[in-house]
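*Asks:* Quick one: this structure, given as C-alpha cells, is what I'll be asking you about.
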Amino acid sequence: MRLTAVVLTGLVLAACAVPPPPPTVAEAPSLEPPTAEPTAQPAAVDPTTPPLLPTPTPFAPVLSQLTESGCCTEPIWSPDGQQVRFIDQPADEPVGIYGIDIDTRNLELVSQQVGVLSPDGRILAYLNEDDETTLRDLETDEEWLVPSDGRGVLFSPDMQRIAWSISTISGGFDERQTIVLASDLRGEAAQEIIRVTGGGLLGWLDGSRMLIYGQEPGEAERSLFVYHIEGDERTNLVTGQRIRAVSIAPGGEWVFYAIALNPDGDTSQEGFWVSSTTGGPQYRLDIVGSAQWRDEHRLLVIPLELDAPSHRLWQFNAATGQSSILTDGIDTPFRVMANNWRVAPTGDRIVFLNAADEALWLLELGPIGLEEDAQ
63 MRLTAVVLTG
73 LVLAACAVPP
83 PPPTVAEAPS
93 LEPPTAEPTA
103 QPAAVDPTTP
113 PLLPTPTPFA
123 PVLSQLTESG
133 CCTEPIWSPD
143 GQQVRFIDQP
153 ADEPVGIYGI
163 DIDTRNLELV
173 SQQVGVLSPD
183 GRILAYLNED
193 DETTLRDLET
203 DEEWLVPSDG
213 RGVLFSPDMQ
223 RIAWSISTIS
233 GGFDERQTIV
243 LASDLRGEAA
253 QEIIRVTGGG
263 LLGWLDGSRM
273 LIYGQEPGEA
283 ERSLFVYHIE
293 GDERTNLVTG
303 QRIRAVSIAP
313 GGEWVFYAIA
323 LNPDGDTSQE
333 GFWVSSTTGG
343 PQYRLDIVGS
353 AQWRDEHRLL
363 VIPLELDAPS
373 HRLWQFNAAT
383 GQSSILTDGI
393 DTPFRVMANN
403 WRVAPTGDRI
413 VFLNAADEAL
423 WLLELGPIGL
433 EEDAQ
C-alpha cells in the first residue's frame with residue numbers, strides 16, 4: 063500500500079517568485095569562535111582532520127540494549143520520547159504498531175492498524191479497505207475520510223492542516239508534474255497550492271510554510287524553495303542543483319540537504335549543506351554519511367568511514383557554526399545497520415538497529431548543549 067510505504071521510508075525520508083537575497087555562505091565549523099561576518103567562500107569542513115575539530119565531550123555516552131535480536135527495524139519515537147515504536151508481530155499477537163517503554167521495557171500495542179502517525183501521535187492516517195485515506199483519532203476512535211484519493215498526507219506541525227501531492231505517471235521524473243494540495247485537518251476546504259515539475263512537496267516548515275523542490279511553469283531550472291501558502295510567495299534556497307536527502311529541523315528554521323551529480327559536471331557545490339529558511343546563512347559541510355536533526359538547530363551526523371571499526375557521532379550547531387564530537391568510536395563503539403537510527407524528540411538519546419546483533423539499542427547522549435559548554 064502506498065500509505066504504508068510512507069511509514070517504512072518517510073519516518074526516516076509536498077506565485078510570483080520573490081527573489082531571496084544572495085545566500086550567505088558561512089565558514090563552518092572551526093575551533094575558533096565564529097566571526098561576526100561570514101566568509102565569502104564556502105569553507106570545507108573535514109571531520110577526520112583533528113585540528114579542525116574540538117576534543118570529545120567529557121560526558122560518557124551510555125549504550126544499552128532495548129530489544130532482543132531480530133525484533134524490528136525502522137524505529138520511530140513517541141512524541142514525548144518515552145517510547146520507541148515499530149511495526150512488529152510478537153508471538154501470538156497481531157501485526158501492528160508496538161511501543162516499548164525506554165525505562166520499564168514494557169511492550170504495548172499502540173495501534174493494530176498500520177499507518178502514519180501525526181507529529182503529536184494522536185492521529186493515525188491509513189488506507190481503508192477501499193483504498194481511501196482515512197484519519198483516526200486514537201484517543202476517541204473517531205474516523206473520517208480525506209479527499210486525497212488514497213495518497214499519503216503530511217500533517218502540519220501545528221496540526222491545523224494536511225497536505226498531499228498528485229503526480230502524473232507518464233514520462234521521466236524530471237518531466238512529471240506534481241500538484242500540491244492542502245486542506246484543514248478534517249479534509250475540508252481543500253485547495254490547490256502550487257504546481258511544479260520534477261519534484262514536489264518535501265514537508266511543512268510550520269503552519270503556513272512549505273518546503274518544495276521543483277520548477278514552476280516557465281522556469282528553466284528546479285529550485286529548493288520555501289513557499290508561503292497564505293501570501294502566495296516563495297523564497298529560493300538553492301537553484302540548478304540536484305537535491306537529495308532533505309531534512310527539516312524542528313521548528314522549520316533550518317533545513318539540511320545534499321547536492322550531488324550536477325548535470326553540468328560542476329562539483330564545486332556538491333556535499334552536505336545546512337541552510338536557514340529565513341534568509342540567514344548557508345553552511346557547506348565537507349562530510350558524507352547519515353544526518354538527522356537533534357533539535358531546532360543542531361544536526362547529528364554519522365560520518366561514512368568505511369575502514370573504521372566503529373561508527374561515531376558528530377554534531378553541527380547551525381546557530382553558532384560550531385561542531386562537536388559526541389562519540390569517538392573508541393570509548394563508545396557501535397555500528398548502525400542500514401541507516402536504521404532515530405533521534406529522540408528530547409534530543410538526549412538515539413535508538414538504532416545494531417549491526418552486530420540486529421537488536422534495537424539506545425545511545426544516551428546526555429543533556430543538549432553539554433558538549434558545547436565543555437569547549
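According to the numbering used here, the residues represented by the sequence shown are 63 to 437, in order. C-beta atoms are modelled at their ideal positions from N, C-alpha and C, and glycine is treated no differently.
1. For the beta strand (DSSP E) containing GLN239, list its first residue and its last residue.
2. So the beta strand (DSSP E) GLU295 belongs to, where does it begin and stop?
3. Taking the C-alpha atoms as reference points, what is the distance between ILE349 and ARG248?
4. Terminal residues of the continuous beta strand (DSSP E) containing ILE430?
5. From TYR289 to LEU422, what distance separates their C-alpha atoms?
6. Using the Cβ count rule (16 or more neighbours within 10 Å means buried), how would you classify GLN222?
7. So what does DSSP say about PHE334, is it helix, strand or coil?
8. Determine whether the beta carbon atoms of PRO152 and VAL146 lie at a separation below 8 Å.
9. In the DSSP assignment, what are the bridge partners of PHE318?
10. Hey, quick one: how far does the beta strand (DSSP E) through ILE185 stretch, first residue to last?
11. Thinking C-beta only, is LEU323 closer than 8 Å to ILE305?
12. Which same chain residues, not among the five before or five after ILE159, have their C-beta less than 7 Å away from its C-beta?
13. Look up GLU170 in the DSSP assignment and give the residues it is bridged to.
14. Residue ranges of each beta strand (DSSP E) run of no fewer than 3 residues wholly in the region 383 to 411, ordered along the chain?
15. Looking at the unbroken beta strand (DSSP E) that takes in THR196, where does it start and where does it end?
16. Check ASP236 in the structure and name its three-state DSSP category.
17. Looking only at its chain, what residues have a beta carbon closer than 7 Å to the beta carbon of GLY276, apart from the 5 residues adjacent to it on each side?
18. Using the beta-carbon count (16 or more within 10 Å), is GLN377 buried or exposed?
19. Is MET221 helix, strand or coil by DSSP?
20. Select from GLY342, SER309, ALA320 the residue whose C-alpha is nearest the C-alpha of THR297.
21. Would DSSP call VAL146 helix, strand or coil?
22. DSSP on LEU424, reduced to helix/strand/coil?
23. Is it buried or exposed, PRO429, if we count other Cβ atoms within 10 angstroms and call 16 or more buried?
24. Note the first and the last residue of the continuous beta strand (DSSP E) segment covering GLN439.
25. Classify THR202 as buried or exposed, calling it buried when 16 or more other Cβ atoms lie within 10 Å of its own Cβ.
26. Using 8 Å for Cβ pairs, my map puts LEU362 next to PRO123. What's the rounded Cβ distance?
27. Please return the same chain residues whose Cβ sits closer than 6 Å to the Cβ of GLU205, not counting the five positions on each side in sequence.
28. Among the candidates ALA417, GLY409, ASP419, whose CA atom is the shortest distance from the CA of TRP139?
29. In angstroms with no decimal places, state the Cα-to-Cα distance between LEU375 and SER245.
30. Provide the residue span of the beta strand (DSSP E) that contains LEU273, from first to last.
31. With DSSP as the reference, label ALA105 as helix, strand or coil.
32. In angstroms with no decimal places, state the Cα-to-Cα distance between LEU128 and GLU292.
*Replies:* To lay it out plainly:
1. Run containing GLN239: 239 to 246, per the beta strand (DSSP E) assignment.
2. Where GLU295 is concerned, the enclosing beta strand (DSSP E) stretches over 295 to 301.
3. Between ILE349 and ARG248, the C-alpha separation is close to 42 Å.
4. Run containing ILE430: none; DSSP gives neither H nor E here.
5. 38 Å
6. exposed
7. strand
8. For PRO152 and VAL146, no; Cβs fall outside 8 Å.
9. Paired residue(s): SER309, VAL336.
10. Bounds of the beta strand (DSSP E) holding ILE185 are 185 to 189.
11. The Cβ atoms of ILE305 and LEU323 do not sit closer than 8 Å to each other.
12. ARG147, ILE149, VAL172, SER173, VAL176
13. GLY161
14. 384 to 389, 398 to 405
15. 195 to 199
16. helix
17. THR240, VAL258, THR259, GLY260, GLY261, GLY262, ARG284
18. When all chains shown are included, GLN377 counts as buried.
19. coil
20. Looking only at GLY342, SER309, ALA320, the smallest Cα-Cα distance to THR297 is reached by GLY342.
21. strand
22. In the structure shown, the three-state DSSP call for LEU424 is strand.
23. exposed
24. Outside the modelled stretch of the chain, which goes from 63 to 437, sits residue 439, for which no answer is possible.
25. exposed
26. Between PRO123 and LEU362 the Cβ distance is about 12 Å, and since that is not below 8 Å, they are no contact.
27. THR196, ARG198
28. GLY409
29. Spanning the alpha carbons of LEU375 and SER245 requires a straight line of approximately 39 Å.
30. 271 to 277
31. Model confidence at ALA105 stands at a pLDDT of 39, short of 50, so the residue's coordinates are unreliable and nothing is read from them.
32. 44 Å
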